[in-house]
Amino acid sequence: MSNDTQNIIRHWREAVPNDRLAHLIRDASRAFHRALQVRLARHGVPFGHWTFLRILWESDGLTQKELSERAGVMEPTTFTAMKAMEALGYIERKQLPTNKKNMYVHLSDKGRALKQLLVPLAEETNNVSIEGIAPEHIKMTRTVLLAMIENLARDELLQEKAAPARRKAAAEGEPQEKPKR
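Counting in our numbering, the sequence shown runs from 22 upward without gaps.
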């Protein structure tokens with residue numbers, strides 16, 4: 022275990038055992054990313070390509086814009102990744118003769134073949150993360166995390182609905198109210 026990891030664990034167990042869950046989830050996510058990144062690097066696959074490959078394995082032939090939306094990244098990030106992935110031979114970008122506006126991304130044979138190599142690495146990472154954890158705790162963690170995602174998605178909708186009203190009130194100098202739940 023690295024010193025950084027030991028420091029993070031000590032921080033959570035001793036310094037701030039009751040700190041916000043968002044911070045703990047962020048640290049867990051970073052640990053997952055690092056563990057998978059190390060495994061992917063052994064095969065010369067940058068971590069940044071992993072998300073796009075996963076999406077394309079399930080839905081080949083998306084536009085770059087659709088890929089950006091599904092990956093949750095900005096279009097310039099996707100464009101840069103697609104250029105690199107094309108240079109590595111993982112994808113091909115094509116325009117339809119009837120639609121020159123959109124660039125469609127298709128996996129190459131090499132990109133499709135990576136699935137058999139890389140998915141087991143992600144599965145291994147997940148298995149390492151749950152070693153020594155009782156199945157009922159894993160099930161409960163999944164239930165809680167999904168509930169948190171749903172709660173935050175509902176809150177996001179409330180915040181989006183309230184945002185125009187808040188901007189108007191602020192422009193008129195009125196006190197702002199929090200959205201009712």
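Glycine included, each C-beta is placed from N, C-alpha and C at the ideal position.
Quick caveat: nothing in here was measured; it's all calculated off a predicted structure.
**OP:** Tell me whether Glu113 sits in a helix, a strand or coil according to DSSP, three-state version.
**Re:** The residue given as residue 113 occupies position 92 in the sequence shown. Glu113 falls in the strand class under three-state DSSP.
Original post:
Which runs of the beta strand (DSSP E) spanning at least 3 residues fall entirely within the stretch 107–151, listed in chain order?
Top reply: 112–117 and 120–128
Subject >> C-beta contact flag for Ala102 and Gly69 at 7 Å >> reply: Mapped onto the sequence shown, residue 102 falls at position 81. Mapped onto the sequence shown, residue 69 falls at position 48. For Ala102 and Gly69, yes; Cβs fall inside 7 Å.
Subject >> Member of Glu90, Val66, Thr84 and Ile151 whose CA lies at the smallest distance from the CA of Asn220 >> reply: Nothing about residue 220 can be reported from this structure: the residues present for the chain run from 22 to 202 only.
**OP:** Go ahead and label Arg202 buried or exposed: buried means 16 or more other beta carbons lie within 10 angstroms of its beta carbon, across all protein chains shown.
**Re:** Along the sequence shown, one-based indexing puts residue 202 at 181. Note that Arg202 has pLDDT 48, beneath the 50 cutoff, so the model's placement of it is unreliable and the number below is only indicative. The residue is exposed, with fewer than 16 neighbouring Cβ atoms inside 10 Å.
Subject >> CA-to-CA distance, Arg175 to Ala184, given in whole angstroms >> reply: As a position in the sequence shown, residue 184 is number 163, starting the count at 1. As a position in the sequence shown, residue 175 is number 154, starting the count at 1. It is roughly 14 Å from the alpha-carbon of Ala184 to the alpha-carbon of Arg175.
**OP:** Quick one: residues in its chain with C-beta nearer than 6 Å to the C-beta of Asp81, no 5 flanking neighbours on either side, listed in chain order?
**Re:** Locating residue 81 in the sequence shown gives position 60, counting from the first residue. Non-local C-beta neighbours of Asp81 in its own chain, meaning closer than 6 Å and more than five positions away in sequence, comprise His127 and Leu128, ordered along the chain.
Original post:
On the premise that Tyr125 lies in contact with Arg114, defined as a C-beta separation below 8 Å, what is that separation, rounded to the nearest angstrom?
Top reply: Within the sequence shown, residue 114 is the residue found at index 93, counting from 1. Within the sequence shown, residue 125 is the residue found at index 104, counting from 1. Yes, Arg114 and Tyr125 are in contact; Cβ-Cβ is about 7 Å, under 8 Å.
Subject >> Strand pairing of Leu83, partner residues [DSSP] >> reply: On the sequence shown, residue 83 is found 62 positions in, with the first residue counted as 1. Per DSSP, Val126.
**OP:** Check Gly65 in the structure and name its three-state DSSP category.
**Re:** For the purposes of this step, residue 65 is taken as the residue at position 44 of the sequence shown. Three-state DSSP puts Gly65 in coil, outside helix and strand.
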